[in-house]
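Undergrad: What follows is a single structure, and I will ask about it in a moment.
Chains as they are written, first to last, in the numbering used here: chain A, 46 to 756; chain B, 46 to 756.
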C-alpha cells in the first residue's frame, strides 16, 4: 500500500461521509435558496429578503460587472467592487502624467468621475426555468453537432423574444446542468459606469502577483464606481446629460466587527466550476491544458516585462494584460500543485471504479448507464490526440492581437450575412456593438514588436506539428522567419480603428480582395476555425447528455442531490469566518491587520507601503475602524465559503444581511475549488469593510464618500 | 515619525521593561544555577541534582563533542547526538559502495561499530573561578597586545598545572566576561568514539538546506555514537582492545509525551553569542563581515556543486564541507534579514544614546566611563578600514586547503622552537597531535581542481587591493593567472600525508630550503599573519577592558545583572514548549508529526521519503510512540529556550530531568538570538524522543539499541 498525504485520508473520509451529510459546499442558484433553512443555518435574513422578484430584496443591490461582481452602497448608484475588477478601467483612464494605477484616483464631485471604459452593469430582475422549452427543440435522430446547434438557436430565440417584450432589459439563458436544465434570466442593463475612487496600487494591489492567491493577505482590493442612467432612469450609453442611477435597493454598511466563528454569506456571479466532471476531464486538464497555458502565459509575461523595462508608458500599457496572464498562470500552477498533492485524478478514478461497480451490479442499470464513463473517456482521448493542434488554434488569437482583430473581421463578414438569430452570439445585433468596442479596446494592448514576437513564437510552435495536426496557413508563415512576420505587422492597417470599422462592414467577397496580410492569414485560417467549432459542437452534443445521465446515476448511487456547477449566474454561498491549517503545525488565523502590511514592506515594488499609511498608523489614527481585540484595523478576512472567479467584488454579508467586506480571492489551497471543495482547505478572502473605510478616509481623504455611505 | 514594524514596537517595549523584569533569556553558566529557584520556575529537579562536582549529577551524562553536545543514554557509553553533529564521522566512514550518508548505518554488535574519526568527548568534572589569578598577570603600564599575551600565557600556565595534577584529564580556562571573569574547567577526555546508528540522510537530514533554520521542521536529526576507554576505564586512543566507557551517570529516556506549555530545560555547550556588544560591532557585522562571508560561501558551494555534478564519489567527498558552508550562509542571511527587520543597529544606537545621556548626567561617571563607547567605535572604524585586507587573510586558509596545510607547517616550525607554554595553543604538546590529525583530515576535502579554482579566486580578490591594503605575496600570484596556480597545485607535495608529517618536523631554516610552491607562499605570507595576529591581540587588549567597563556601567544604569555571553562552556537554559507567530495571522504550533513528513515529500532529493517509512506509517505501526492527541508520532518540537550553535545535540529534559528530545536547530527568526533574544521570536527545535525511538525501531530495525535504552 502506498501512502500519500494527510489529504489522501481526508478525502477518503470525505468520499465516505459525503453520502450521509451534505457539507456547506455549494454555490446555490438564487432561485433555489428557498430550499435552505436560513434561520437554522444561523442567519437572521430570510430567503425572500434576499431574492424575491417584484419586491425589494438584497439582490437588487448586486451588480454583475465585466468579469466580476459589485454592490450598490448608496441611493445614488455608488458601487463597491474590487480594485482588480476595476483594474482595466483604471488603466484605460491612466497616462504617464496621470497615473491613477500608481497614485490612485478620487473624484471629489460627480463631475470629476471619469468613464470606466468597457464596463457595464447587470442587475437581476427575474428568472424562469426554460428547460422544457429548450429540450423540446431536440429529437433522437439528430447528429451531435446538430443537437448543440438546436439548443443554441432555441436559447437565442427565447432571449430575443424576452428582450422584445422587455425593452431596455437584457436576457440570458444559462445552462445549469448541461444537457438537462436551463434558466432564463432577465437583467436591468446599465452602460454608463464611471470611476469614483481607487486607492493607489500600493494599497489596492499590495503584494501584487507574489501575494495573489495567498493568505495571509494585506491587499486593500476595493474601488468605488458609479452607475449612471438617462435622466428618466432608463439605461443609456455614456452621456454628460446622464444622472446617477437610483437602484431599487442598496446595502447597509456594518461598522460592527466580525470574529472567528461568525456566520457570513455572499451574493455574486461565480464564473465556472467543474466539480461534476469525470477523471478523464481532470487528467486532460492536469496533464495537458493547464501546464501548456501556464507556461505560455509565463513566456508572454517575460517577453512583455523585457520590452517594458525602463519604459513607464509601456509598463502602464501592459499592466492589465500581464495581470490577467499572471493571475491565470498562478491559478493553474496552484491547481496543478493541489491536484498532485491530493492525487485527485487517482481519487476520482477510484470513485468512478466504485460507481462502475454500482452500475454493473444491476443488469438493467448497466444497460442504461454502462456506456457513460467509457464514452466520456473516449472524447477526452480524442481531445488528447488533437490537443497539440487545437491549443494553438485556441491560443493564437489570444496571444496575437492582430490575429484576434483579423479573425473577428472575417468571422463578422460571414456571420452578418445570416439572419440575426442564426448568428454567433457575438455578432447578433444585441451584442455586436459591444463586440466592436471590445475589439477596439484590444488596440490598447497592441504593440508591434510584441505582436510580431508573439506571432513568430506561435508559428514556431505550429511548425513541429505534422500530418493531420498540421496548421498549414500558420506553418507556411515560418518559411520567411521572424523577418517575414515583422513585415506583415509593418504592412497591416488593422492597428487603425477606422480601418477596422470599415472592414467590419465588408462582405466575405469584398474581404477576399484585401491585401492586408492579417486579413489574408485570417481568411486562410477561417475554414480551420469553422471546422474546429463544429468539432466542439459535436463533442458538446456528446458530452452534455452523458454528463446529464452521469449526474442522474451518481444521485441514485450517493442518494443525494447536487448543486449545479457555477456558470456565471447569480449564486448565494454561506459559511463561517474561520482559519485553517495549510500544513502540519501551521495555523492561519482569519484576520490580518495593518501591522502585517508594515511587516511585509520591502524594497520590492510589490510591497511598497505609502508613507501616508505609515504616518497614519504610527499616529494610531484608527477612528471608529479599530478592532478592539486586535488593537488594529482588520485588513482582510478569511472564510470557508464556496467562491470562484467572478465572485471577485462580491459583497460579504453578516448574518443580518449587512455589508462587512468585499470578496476578492481564495487561499492557494483553494484554487482547486474549481474541481473539488473541502471545509479543510477551501478558504476565500475579503477585504474587511473597516479597512475599506479607513483607507477611504485616512489615505484617500474621501470624506464625501463616507458621507454618502452614511458613516 | 517613521514606523517600522511590529518588532520595532515590541523592542521599544522590551528595552523599557528589561529594566524591571528579567526575561527567561539566558544560558546560565553551570556553576551559577544555584542562584535559580528551580522549584518556583516549575522544575522538579534541584540545582544539585543537575550539577554538583564530586557527586553523581546530570552533567555527568552531558558530553561535549566536536562542535556540539551529546548525552550518555546507557551504562555502556552510548551517546545520542544530532545526525548533523556526527555528519563528518558518517561521511568519513562512507564510500560509494558503502554510502552511510545515503543509506544510514547500523552496528548490530559492538564489533561492528566503526571509528568516528576526528571525534572526541569531554565530560565536565569541576570548575573554579580563576579571575583573580588571571588578572594578577596584568599591570597598568602594559601595552594592549602585551595585556592579551599576558592573559593568554597565564591561562596556559593554569591549564598545564591543572592537567599535570590530574593525569589523563583535560583543563580549559574560559573567558566568561572578557577582561573580567575567567573560569577553569576540568574535563574527562575520551578519544575513542565510534559510530553506532545513523538513520538514512532522507530522515537524518530530511529537508536539507531548504528546511535548515526553518520551522515547521520534520528532520530526524539524531545519531547514536559510543565512547570507548582502555580496559581500566582510562582515556585511550582508538584500539581494538578498548571497551565501552562506563559513564558516572546516564539519562533516563522519558516515553511520556509533552504538551504545549510544559516546562523543559537543556544542558549543553553553546558556542558564541554577542549580546553585550556595541552598535559599532553590530554595524560591522551587518554591513561588512556577514554579507561577505555569506556570499563567499555561496560562491564556494556553487563551484563544488558544479564540479561534483554526476560524480557520486565527489558528492560524498564534498557533502560535509558544503553542509558547513551552507549552514553558515543561511544563518548569516537569516541574521541579516532579522537585523534589518528589527532595525537592530538603530535600536542599539538609540539605547547607547540613552546610556550616554545617563553617563553625561553625572560628571564623575562621565570622567570614569565617557570614553567607553567612542573608544570601542574607534576600533571598529579601524577594522572597517582594514576589512578588505583582513577578510582575505582570514578566509584564505579556510577556502584553500593547501594554504591551510602550508600555513600550519610554517607556523608549527616557528612555534615548536618555543617553550611549550609560550606556543600558540594549537602547537602545545597537549594539542599538537589533534592539530596534526585535523590537518590530515582536511585532505579528505581536498580536490586539486577545486583548490586551484579557489586560490585563483582569492588571488583575484586580493588584486583589487592597493596601498596599505595590498597583500603582496598573494597579489603577485596573479601575474601568472589561473595557469600558474594550477601549476602550483600540480607541483606541491602537500597532498601526501607522509610529506606533511615530515614537513611538520622541520625547522624554519630547513623550510626555507623547500621548493614546494605552497610552502614558499606560506613563508611569504607568514609575516603578514604574524602582524595580523599582533593587531588582533592589540585590539582585544583594548576591547576587553572597554567591554568589562561597559558591562559595569550598563548594570548601574539598568539596575540589573547580566548573564555572560555563550563561550563554549557548559550552560543550562530553561523554558517552555510553545508555538509562536512568525508574522501577522500565522501561528506555528509546537509539534510536527510524521504526517507532515509525507506532506513535504517531493521530487527534490532533499524531500525524499524512504519507502519503508511510508509503509510503516500507512500501516499505522506506531508502537508505544503514538501521541494520542495528535494521533501520530511527534517528529519535532519547539520551545522558547535560549540556544545557539554548539547546543546541537543537547538533551532536552522534561521538568523531572528525563530525556524528551535532542535539540538541533532554531527557527529562522531566532538566528538573530546571537545578537538579541526575545520570547516573541526566539524558538529552538528538537527532534522528539518518540520519533528517535520510532525511527530506530521501525526504520533502523535496531531493537538492540532499544533494549540498551530500556525501551
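Note that the Cβ used here is the ideal one computed from N, Cα and C, for glycine as well.
(1) List, in order along the chain, the chain A residues whose C-beta lies closer than 7 angstroms to that of residue 637 of chain B?
(2) Restricting to runs no shorter than 4 residues, where is the alpha helix (DSSP H) found entirely within the stretch 148 to 183 of chain A?
(3) Between the C-alpha atoms of residue 51 of chain B and residue 393 of chain B, what's the straight-line distance to the nearest angstrom?
(4) May I ask which residues mark the beginning and end of the beta strand (DSSP E) holding residue 187 of chain B?
(5) Compute the distance between the beta-carbons of residue 312 of chain A and residue 451 of chain A, then report whether it is under 8 angstroms.
(6) Would residue 585 of chain A be called buried (16 or more neighbouring beta carbons within 10 Å of its own) or exposed?
(7) Report buried or exposed for residue 482 of chain A, applying the criterion of at least 16 other Cβ atoms within 10 angstroms of its Cβ.
(8) Taking the C-alpha atoms as reference points, what is the distance between residue 146 of chain B and residue 186 of chain B?
(9) Note down the Cα distance separating residue 217 of chain B from residue 181 of chain B, rounded to an integer number of angstroms.
(10) For the alpha helix (DSSP H) containing residue 736 of chain B, list its first residue and its last residue.
(11) Quick one, which of B:444, B:109 and B:647 has its alpha-carbon nearest residue 24 of chain A's?
(12) Just how far apart, CA to CA, sit residue 266 of chain A and residue 489 of chain A?
(13) Against chain A, does residue 641 of chain B count as a neighbour if the rule is that its beta carbon must be under 8 angstroms from one of theirs?
(14) Determine which residues of the stretch 416 to 436 of chain B have a Cβ less than 9 angstroms from any Cβ of chain A, and write them out in chain order.
(15) From residue 228 of chain B to residue 169 of chain B, what distance separates their C-alpha atoms?
(16) Applying the criterion that 16 or more other CB atoms from any shown protein chain within 10 Å of the CB defines a buried residue, is residue 509 of chain B buried or exposed?
(17) Using a cut-off of 9 angstroms between C-beta atoms, extract the partners of residue 261 of chain A located in chain B.
(18) If we ignore side chains and look at the alpha-carbon of each, how far apart do residue 68 of chain A and residue 724 of chain A end up?
(19) Does the beta carbon of residue 89 of chain A sit closer than 8 angstroms to a beta carbon anywhere in chain B?
(20) Of all the options B:520, B:491 and B:484, which has the alpha carbon lying nearest to the alpha carbon of residue 501 of chain B?
(21) Under 8 angstroms between the Cβ atoms of residue 507 of chain B and residue 129 of chain B?
(22) Any C-beta of chain A sitting closer than 8 angstroms to the C-beta of residue 551 of chain B?
(23) Rounded to the nearest angstrom, what separates residue 467 of chain B and residue 733 of chain B at their Cα positions?
(24) Between the Cα of residue 628 of chain B and those of A:740, A:261, A:367 and A:445, spot the shortest distance and give me the residue it belongs to.
(25) Under 8 angstroms, do residue 163 of chain B and residue 691 of chain B count as touching if we go by C-beta distance?
(26) Are residue 116 of chain B and residue 704 of chain B close, meaning C-beta to C-beta below 8 angstroms?
(27) DSSP beta-bridge partners for residue 744 of chain B?
(28) Is residue 214 of chain B closer than 8 angstroms to residue 281 of chain B when the C-beta atoms are compared?
(29) When burial is assigned at 16 or more other CB atoms within 10 Å of the CB, is residue 486 of chain B buried or exposed?
(30) Measuring CB atoms only, is the stretch 615 to 624 of chain B touching the stretch 71 to 82 of chain B, in the sense that at least three cross pairs come out at less than 8 angstroms?
(31) From this set, A:484, A:127, A:552 and A:528, which residue's C-alpha is nearest residue 504 of chain A's C-alpha?
(32) Could you give the first and the last residue of the continuous alpha helix (DSSP H) run that contains residue 428 of chain A?
(33) Answer yes if the stretch 319 to 334 of chain B comes into contact with the stretch 590 to 608 of chain B, meaning at least three C-beta pairs across the two stretches below 8 angstroms, and no otherwise.
(34) Under three-state DSSP, which class holds residue 214 of chain B?
(35) Let me confirm a value: residue 741 of chain A is counted as buried when at least 16 other C-beta atoms fall within 10 Å, else exposed. Which label applies?
(36) Run through DSSP, which three-state label would residue 802 of chain A get?
TA: Reading it off the structure:
(1) Here the neighbours are 629 and 630.
(2) Within the stretch 148 to 183 of chain A, the complete alpha helix (DSSP H) runs of at least 4 residues fall at 176 to 180.
(3) Confidence is the limiting factor: at residue 51 of chain B the pLDDT is only 44, short of 50, which leaves the residue's position unreliable, though a coordinate-based value still follows. Roughly 17 angstroms between the two C-alpha positions.
(4) Residue 187 of chain B -> no beta strand (DSSP E), and no H or E assigned at all.
(5) Not in contact: residue 312 of chain A and residue 451 of chain A (Cβ atoms no closer than 8 angstroms).
(6) Per the 10 Å Cβ criterion, buried.
(7) It is exposed - the Cβ of residue 482 of chain A has fewer than 16 other Cβ atoms within 10 Å.
(8) CA-CA distance, residue 146 of chain B to residue 186 of chain B, rounds to 56 angstroms.
(9) A direct Cα-Cα distance of roughly 18 angstroms separates residue 217 of chain B from residue 181 of chain B.
(10) Per DSSP, residue 736 of chain B belongs to the alpha helix (DSSP H) from 734 to 739.
(11) No answer is possible for residue 24 of chain A: the residues shown for chain A start at 46 and end at 756.
(12) The C-alpha of residue 266 of chain A lies about 24 angstroms from the C-alpha of residue 489 of chain A.
(13) The C-beta of residue 641 of chain B comes closer than 8 angstroms to at least one C-beta of chain A.
(14) When C-beta distances to chain A are compared with 9 angstroms, every residue of the stretch 416 to 436 of chain B stays at or above that value.
(15) Residue 228 of chain B and residue 169 of chain B have their C-alpha atoms some 13 angstroms from each other.
(16) The residue in question, residue 509 of chain B, is exposed, as its Cβ has fewer than 16 Cβ neighbours within 10 Å.
(17) Listed along the chain, the chain B residues whose CB falls inside 9 angstroms of the CB of residue 261 of chain A are 628, 629, 630 and 631.
(18) Model confidence at residue 68 of chain A stands at a pLDDT of 48, short of 50, so the residue's coordinates are unreliable; what they give is reported in the following sentence. Within the model, the alpha-carbon separation for residue 68 of chain A versus residue 724 of chain A is close to 8 angstroms.
(19) False, the Cβ-Cβ gap to chain B never drops below 8 angstroms.
(20) Per the Cα distances, B:520.
(21) Residue 507 of chain B is not a Cβ neighbour of residue 129 of chain B, given a cutoff of 8 angstroms.
(22) For residue 551 of chain B, the answer is no, since every Cβ of chain A falls outside 8 angstroms of its Cβ.
(23) Approximately 47 angstroms, taken between the alpha carbons.
(24) Measuring from the Cα of residue 628 of chain B, the nearest candidate turns out to be A:261.
(25) No.
(26) Against a cut-off of 8 angstroms, the Cβ pair of residue 704 of chain B and residue 116 of chain B comes out as a contact.
(27) According to DSSP, residue 744 of chain B bridges with nothing at all.
(28) With contacts defined by Cβ atoms closer than 8 angstroms, residue 281 of chain B and residue 214 of chain B do not form a contacting pair.
(29) So residue 486 of chain B counts as exposed.
(30) Because the criterion of three Cβ pairs below 8 angstroms is met, the stretch 615 to 624 of chain B and the stretch 71 to 82 of chain B touch.
(31) Closest option to residue 504 of chain A, Cα to Cα, is A:528.
(32) That run of the alpha helix (DSSP H) goes 417 to 444.
(33) Counting Cβ pairs under 8 angstroms, three or more are found: they touch.
(34) Residue 214 of chain B falls in the strand class under three-state DSSP.
(35) Buried, since its Cβ has 16 or more Cβ neighbours within 10 Å.
(36) This structure leaves residue 802 of chain A out entirely; chain A is present only between 46 and 756.
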